[in-house]
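J.: Each residue of the sequence shown is one higher than the one before, counting from 89 in the working numbering.
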Amino acid sequence: MISSNNRVRVYWDILVFICIFWASLESPLRIVISYDQNLLLTGIYFFIDSVFALDIIWNCVTPEYKDGKWVVIRSEVIRDYLKSWFVIDLIAAIPFEYATLKIFGLQQSQYPYLYLILGVTRILKVFRISDILHRINLAFQPTPGILRLVLFAFWVTLVAHWCAVGWLFMDDLQDYQTGRSEYIRALYWTVTTIATVGYGDITPSTDLQRIYTIFVMMLGAGVYATVIGNIASILGNLDLAKAAQMKKMAQVDSFLKARNIPTDMRKRVRDYYMYIIDRGWGEDESLLLNDLPLSLRKEVKIQLHRSLLEKVPFLKGADPALVASLVFSLKPTIFLKGDTVFRKGEKGDSLYILSEGSVDILGSDDKTVLINLQEGQFFGELALVTDEPRSATVRAMSTCEIYTLSKSDFDHSLERFSEFRSAIEESVSNLKK
């Protein structure tokens with residue numbers, strides 16, 4: 089069996105999706121619009137039929153996603169496929185028009201209704217769209233709601249197109265009088281009717297057209313309600329965390345304004361919220377990941393903090409147990425430009441590891457810059473080792489992402505991991521110099 093992670097499967101699904109979309113648009117259109125079935129069009133349909141035929145084989149040798157898990161045993165995959173989609177895929181893959189022409193010598197111009205039925209068989213593949221898009225979604229994992237948006241746009245396009253073809257079919261025009269302009273007029277009528285706009289510049293003139301219009305108007309009422317409801321739902325769910333944080337920011341800003349908090353402080357509060365929203369810090373990762381098993385949670389946390397782990401020198405090539413211990417113990421925090429991380433004389437209760445931004449360690453006057461620290465460096469360890477108050481003031485010189493390690497976790501790491509102890513001892517000796 090081909091692996092479920094194989095990208096070839098994904099690209100094949102995209103190709104099948106394109107073929108289904110083309111067939112669903114062109115197959116009905118050829119019945120109402122007079123144009124030659126030239127060599128190019130014949131070649132396109134030969135290619136599409138070949139893809140549909142190969143898709144049958146492909147579905148027998150690739151895993152199937154069923155009931156929340158991948159089925160990888162070939163016999164089970166084939167058995168499930170034969171019971172479900174095989175018949176539809178087989179009918180869609182057989183080139184009935186070509187077979188009818190070669191075996192019986194029947195031309196489309198002579199038997200349009202027959203070719204309508206033969207063309208519809210290829211459109212049956214459209215019922216596979218949901219499964220195809222679901223597999224593509226599993227592979228690429230786009231923003232939640234994107235799959236629904238694509239599927240919704242696909243069906244709206246097809247419904248509008250099919251209704252326009254139906255309107256042309258109701259028309260009294262001869263084949264040679266029906267072309268691109270007439271199709272555009274029919275599509276225009278369909279969209280205005282389905283969208284419940286109904287300008288009335290194109291109206292039915294026969295009983296059959298009036299009956300068809302009633303059907304399309306009833307369909308349009310449902311489609312219009314579905315369009316509004318789905319788009320509102322999709323857009324509202326594209327980024328729930330961001331929407332929640334934006335709402336919270338507005339509430340906090342309104343509260344501060346009502347309490348006459350100075351404008352510059354309110355701006356700093358808004359800057360903080362905008363930073364965590366843009367950086368994706370809107371959720372507590374511990375709460376979000378709490379349901380995952382321990383081993384998977386550890387892997388996810390290491391991936392989340394990979395950039396930090398790659399910046400800190402003593403963590404490069406460190407004992408995996410040390411890395412795992414730190415990613416579970418480190419607590420993320422944000423400091424804006426100008427914020428004081430801690431002041432001289434305060435009791436030391438945490439080690440700080442700088443993930444992003446820069447900080448200045450200040451002298452006794454809180455103005456002189458003794459040293460500037462950049463990403464990947466750590467500070468605050470001297471007070472933890474000597475149990476003395478903080479020996480200097482540290483101030484953020486830009487917006488900083490800093491991870492803190494509490495004193496208890498710090499002491500635990502010193503006891504268990506020699507490389508961590510060596511790094512801290514070396515840093516402390518440099519500070520004392």
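Built from N, CA and C at the ideal position, the CB exists for glycine as well.
Does the pairing of the region 385 to 392 with the region 479 to 495 give three or more beta-carbon distances under 8 angstroms?
T.: Segments in contact, no.
J.: Tell me the rounded alpha-carbon separation between Val104 and Leu226.
T.: Spanning the two alpha carbons is a distance of roughly 17 angstroms.
J.: What does the Cβ neighbour count give for Gln333, buried or exposed, with the cut at 16 atoms within 10 Å?
T.: Buried: at least 16 other Cβ atoms inside 10 Å.
J.: Between Ala187 and Ile144, is the Cβ-Cβ spacing less than 8 angstroms?
T.: Not in contact: Ala187 and Ile144 (Cβ atoms no closer than 8 angstroms).
J.: Could you check whether Thr481 and Lys435 sit closer than 8 angstroms to each other, using their CB atoms as the reference points?
T.: Contact: no.
J.: Kindly indicate the opening and closing residues of the alpha helix (DSSP H) around Leu129.
T.: Residues 127 to 149.
J.: Per DSSP, which residues does Ala484 bridge with? Please list them.
T.: BP columns for Ala484 point to Val447.
J.: Taking DSSP as the reference, what is the three-state secondary structure of Ser395?
T.: Reduced to three states, the DSSP call for Ser395 is helix.
J.: Give the straight-line distance between the Cα atoms of Ser517 and Glu476, rounded to the nearest whole angstrom.
T.: Their backbone Cα atoms lie some 15 angstroms apart in a straight line.
J.: From the DSSP output, in three-state form, read off Ser452 for me.
T.: DSSP places Ser452 in coil when its eight states are reduced to three.
J.: How far does the alpha helix (DSSP H) with Asn348 in it reach, from first residue to last?
T.: Careful: Asn348 lies outside any alpha helix (DSSP H) and carries neither H nor E.
J.: Measure the alpha-carbon distance for Tyr264 versus Thr294 and round it to whole angstroms.
T.: With a pLDDT of only 47 at Tyr264, under the threshold of 50, the placement of this residue in the model should not be trusted, and no figure is reported.
J.: Let's see if you can read the secondary structure: which residues bound the beta strand (DSSP E) around Thr421?
T.: Counting along the chain, the beta strand (DSSP E) containing Thr421 begins and ends at 419 to 423.
J.: Is it buried or exposed, Val457, if we count other Cβ atoms within 10 angstroms and call 16 or more buried?
T.: Per the 10 Å Cβ criterion, exposed.
J.: For Phe215, report the span of its alpha helix (DSSP H) as first-last.
T.: Phe215 -> no alpha helix (DSSP H), and no H or E assigned at all.
J.: Among Arg354, Lys335, Lys336, which has the Cα closest to the Cα of Leu344?
T.: Checking every option, the nearest Cα to that of Leu344 belongs to Arg354.
J.: Can you give the beta carbon distance from Ser417 to Leu493, rounded, assuming they're within the 8 angstroms contact cut?
T.: About 6 angstroms separates the two Cβ atoms, so the contact holds.
J.: With a threshold of 8 angstroms on Cβ separation, who are the neighbours of Lys386 within its own chain once the five nearest residues in sequence on each side are excluded?
T.: So the list reads Ala412, Val415, Phe416, once near-sequence residues are dropped.
J.: Glu469: buried (16+ other C-beta within 10 angstroms of its C-beta) or exposed?
T.: So Glu469 counts as buried.
J.: Return the Cβ separation of Ile282 and Cys251 in integer angstroms, given the expectation that the two are a contact with Cβ distance under 8 angstroms.
T.: Right, the Cβ-Cβ distance comes to about 7 angstroms (below 8 angstroms), so this counts as a contact.
J.: Find the nearest neighbour of Glu489 within the set Leu178, Thr421, Ser515, Asn460, judged by alpha-carbon distance.
T.: Nearest option by C-alpha distance: Thr421.
J.: Of the choices Arg356, Arg236, Lys455, whose alpha-carbon is the least far from that of Leu424?
T.: Comparing Cα-Cα distances from Leu424 to each of Arg356, Arg236, Lys455, the minimum goes to Arg356.
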